[in-house]
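Some notes on the structure that comes next.
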């Protein structure tokens with residue numbers, strides 16, 4: 006029997022996710038920050054063929070926490086759920102922020118993963134989490150978006166006008 010008493014780590018994580026609030030998420034990512042991020046994504050996508058999507062989640066669904074879903078597994082699920090994989094050049098990128106777990110993950114489509122190493126994505130995640138630890142949610146997120154845009158500009162430069170395939174506005178869950 007796997008109860009909370011048998012797994013105190015799972016219980017603490019569940020409690021942390023249960024106590025996470027939309028109000029706290031909105032304080033960390035206020036409307037002005039979300040607008041600045043959207044503008045940075047839009048500007049970047051005019052210089053490359055990639056499609057960048059930021060999803061900030063205040064907490065996981067309790068069933069996902071209890072099932073010990075990792076941050077990476079959640080990011081992969083959202084990558085699929087929001088069809089970030091479904092871009093013309095297979096160059097969608099998800100930046101996923103899990104506020105309750107204080108974790109960031111980046112999932113890139115297969116077209117991008119052929120050219121950019123996982124360690125490069127991890128370095129960008131580390132930039133964000135280090136900034137978040139200092140309370141710099143606005144600046145750290147913009148730095149990460151700029152780094153992602155620079156990588157996409159290097160490996161997938163713009164080849165003329167093209168439609169915007171994914172929303173640029175960050176999604177708050």
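In the numbering used here, the protein residues as written are 6 to 178.
Every residue gets a Cβ at the ideal spot worked out from N, C-alpha and C, and that includes glycine.
For clarity, every value in this text was computed on a predicted model and none was experimentally measured.
The beta strand (DSSP E) runs of length 3 or more contained entirely in the stretch 89-171 are, from start to end of the chain, 97-103, 108-113. As a beta-bridge residue in DSSP terms, residue 58 pairs with 99. Around the C-beta of residue 68, fewer than 16 other C-beta atoms lie within 10 Å, and the residue is accordingly described as exposed. By the criterion of a C-beta distance shorter than 7 Å, residue 106 is surrounded in its chain by 76, once the five residues flanking it on both sides are discounted. When the alpha-carbon of residue 175 is set against those of 113, 120, 87, 137, the nearest one is in 87. Look at the beta carbons and you see the stretch 141-149 not touching the stretch 17-26: under three pairs across the two are nearer than 8 Å.
The criterion of a C-beta distance shorter than 7 Å is not satisfied by residue 158 and residue 96.
Judged by DSSP in its simplified three-state form, residue 176 adopts strand. Taking a contact to require three or more Cβ pairs closer than 8 Å, the stretch 44-53 and the stretch 152-171 qualify as touching. Per the C-alpha coordinates, the member of 82, 19, 62, 21 positioned closest to residue 33 is 62.
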